[in-house]
Structure formats: C-alpha cells, structure tokens
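Working notes, structure below.
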Amino acid sequence: MKSYILILITFLIVFNSFSQNKTYKAEEIKINNLIDGLLLVPENEETSTLAILIQGSGPTDRNGNQPMVNNNSLKYLAEGLSNRKIATFRYDKRLVNLARQGRLKEENIVFDDFIKDAMDVTAYFKKDPRFSKIVIIGHSEGSLVGMVTAQENRADAFISIAGAGQEIDDVIVDQLERQAPALKEDARNSFDDLRVNGIATNYGEGLSSIFRPSVQPFMRTWMAYNPQKEIAKLNIPVFIINGNQDIQVDENEAKLLKIAKPDAELLIIEGMNHIFKKITPGDTMENAKSYNEPNRKVMPELIETIENFIKALD
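Numbering-wise (the working numbering), the sequence shown opens with residue 40 and increments by one.
Right under this line is the structure:
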C-alpha cells in the first residue's frame, strides 16, 4: 500500500510539473476550406510575436507527421516556443485536407499552391491585433515556400530550418549521389528533360516516385524557384539553421543561403538531424529510427536560439 501511495504521489508531482510548464492556450483556426491549424497563444499576454510554421515536403500535417512517419517535430517546436511567450500557428498542408475530403488529385498540385496557402495564413493573422510581429519559420521544402511568402513586407523576419540552397533538381541529384549513385545520371537527364521540354519520359523504374507523370507538374513548378535568388530578395532579418546530422539536407545548403544573403545569421547545430532530434554523430540507424519516435523531444538548443532571435527583434 505504501508503495502504491508513493507511486501515486510521484505521478501527481510529475503531472503537476507538466501542467505548470504549459503557459499557453490552444485555439483551432480555420483559414479556408483547405487550410486549418492550431494557434498557441501565451497566457496573460496582450500582444505577442506570432511564428508561423511551414512544414516540409509530402502530406505533412501540423505536427510534422505523415502516414507511417510520426515524430511530432513541429508540435514540439511550436509548444516549446509558445512556452517561451512566442505565439505559434501550425497547419495541415492542403494535401492532408484534400485527402481527408477524398478530393486529392496528385496531377493538379503545383508548388505555387503551397505558397498561396502560406500567404493566406499570413494575411489572416496580419489582421489579428493580438500579434505585434509575424515571423515565418520554414522547414525543408517549407523554407523555400516561406522565403517567397515573406517577401514584400508580408513578415517581419524569416527563419529557414534545413532549407535547400540549390534548386530542387540539384538537391535531389546530390542526394542520389550519396544514397543511390547508380540513379544519379538517369535523374540528371530526366530533370534536364523536364526543365527544357516540360516532360520527362526516359527514366527508370527506380525513379518513378520522382518522375511519374502525375508528379511532374509539381516538380516542374518547384524547379522554377531558386532559393538563393529568393532569399536575396528579403529585406528583413533572416536566420538560417541546419543540423550537422541531417541526412536529407546537407549543411552546405545552409551555407549557400548564407552566401546569397550575407547579412543573415547562420547556425549549424551540432548533433541535430532533419527533424530536430539529437543524434549520435554518424549513427544512421538512430537517425532513421528517430523519424518514428513521437515521444522523442526536439533539441532544446533549437528552441532557445529561435527564441533569442525572435526576442531580439523587439
């Protein structure tokens, strides 16, 4: 009985400590029929900076998860910032909502759709008097979406996490060189066909996930944007972040963005992978496993450095 009481008391202490750490209130927001998400607002704050989180590629939801990939990376980032008196909004991509509604047609999706969605989100919150500043945080594919969205004074600052510095075809070819070198030349030729002729047909089965006909309109419109040119257009504070254990986007991509935007801040976080988790250097098994560890928190260093950057804007 004493053992049971001790366990119960310990549970209550732990539960209470978590409750005390939560210093924000949550609000479901519907932007339009395709975009909805979760707003976290610090309690007892009349106005606050709002950080809008834009996720990476694929059917990614507001928490940074996809079917069969559950790591809660964006959830933990948003909650960590909101516990530090920075409001956050994260949303499900239109791919997620279209799939829920049974209306997803892959061939109708283009990259500019995601830019429009991010602009709609930003415009919605620009009208909200609770927020004194808007900061866009783009992760991976969302970095390019975010830097285009942030142009023309639509945001007060921009943060890129694991964003590409090259056009997407060059990024994918570099990834294949590291992970599947036998496919590199075929991919390069197919991307060149897509860029010049608007269609690629001579690709092997191993590249069908990239070049199947229903994906080509999206890939072609994504290739039209050069991250270095887009980030150079920003006249607001910029923070570029990458992890040195990222097996998807090499840290050199961040350095290319820094060259294109010399006044930007650059930080390479030791031990951080693509989804913000701390990884033993060189441990590819641990790295891959972390993509499906929903209880594994993101690195505190990431939250702290973003907090410091945002609060320095005041």
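Just so you know, even glycine gets a beta-carbon here, dropped at the ideal spot from N, CA and C. Quantities reported herein were computed from a predicted structural model and do not represent experimental measurements.
What does a CB cutoff of less than 8 Å around lysine 223 pick up in its chain, not counting 5 residues either side in sequence? Val212, Leu215, Glu216
Please name the residue, chosen from Ser121, Asn236, Asn102, Glu82, that lies closest to serine 112 on a Cα-to-Cα basis. Asn102
Selected residue, minimal CA-CA separation from leucine 120, among Thr62, Met158, Val135, Asp131: Of the candidates Thr62, Met158, Val135, Asp131, the one whose C-alpha sits nearest the C-alpha of leucine 120 is Thr62.
Buried or exposed: where does lysine 350 fall if 16 or more other Cβ atoms within 10 Å of its Cβ makes it buried? exposed
To which residues does DSSP link aspartate 75 through a beta bridge? Lys69
Contacting residues, own chain, Cβ-Cβ under 6 Å from isoleucine 70 (five flanking each side not counted): Asp159, Val160, Tyr163
Answer with buried or exposed for aspartate 156, where buried requires no fewer than 16 other C-beta atoms within 10 angstroms of its C-beta. buried
Count the other CB atoms, across all protein chains shown, that sit within 10 Å of the CB of methionine 186; report buried if there are 16 or more and exposed otherwise. buried
Within 8 Å, strictly: CB atoms of alanine 226 and glutamate 292: no
I'd like the list of long-range same chain contacts for isoleucine 270, defined as Cβ closer than 6 Å, with 5 residues on each side in sequence excluded. Result list for isoleucine 270: Met186, Leu296, Ala299, Lys300, in chain order.
Count the C-beta pairs between the stretch 245-259 and the stretch 166-177 that are closer than 8 Å, then say yes if the count reaches three, no if not. no
Go through its chain and collect everything with a Cβ distance to alanine 138's Cβ below 7 Å, but skip five positions before and after it. Pro98
In this structure, does DSSP put isoleucine 148 in helix, strand or coil? coil
DSSP state of lysine 155 mapped onto helix, strand, coil: Lysine 155: helix per DSSP, three-state reduction.
Throw me the rounded Cβ distance for the valine 312 and asparagine 334 pair, which I believe falls under 8 Å. The displayed chain sequence assigns asparagine, not valine, to residue 312. Not confirmed; about 16 Å, so no contact.
Suppose the cutoff is 8 Å on Cβ atoms and the five residues either side in sequence are ignored; what does the same chain contact list for valine 288 look like? Ser179, Ala201, Gly202, Ala203, Val210, Asn281, His313
For tyrosine 63, the three-state DSSP class (helix, strand or coil): Annotated three-state conformation of tyrosine 63 is strand, per DSSP.
Under three-state DSSP, which class holds serine 253? When DSSP states are grouped into helix, strand and coil, serine 253 belongs to the coil group.
Enclosing beta strand (DSSP E) for tyrosine 115 [first to last residue]: The continuous stretches of beta strand (DSSP E) do not include tyrosine 115, which lies in the alpha helix (DSSP H) extending over residues 112-121.
Have a look at phenylalanine 315 and isoleucine 207 and give me their C-alpha separation to the nearest angstrom. 21 Å
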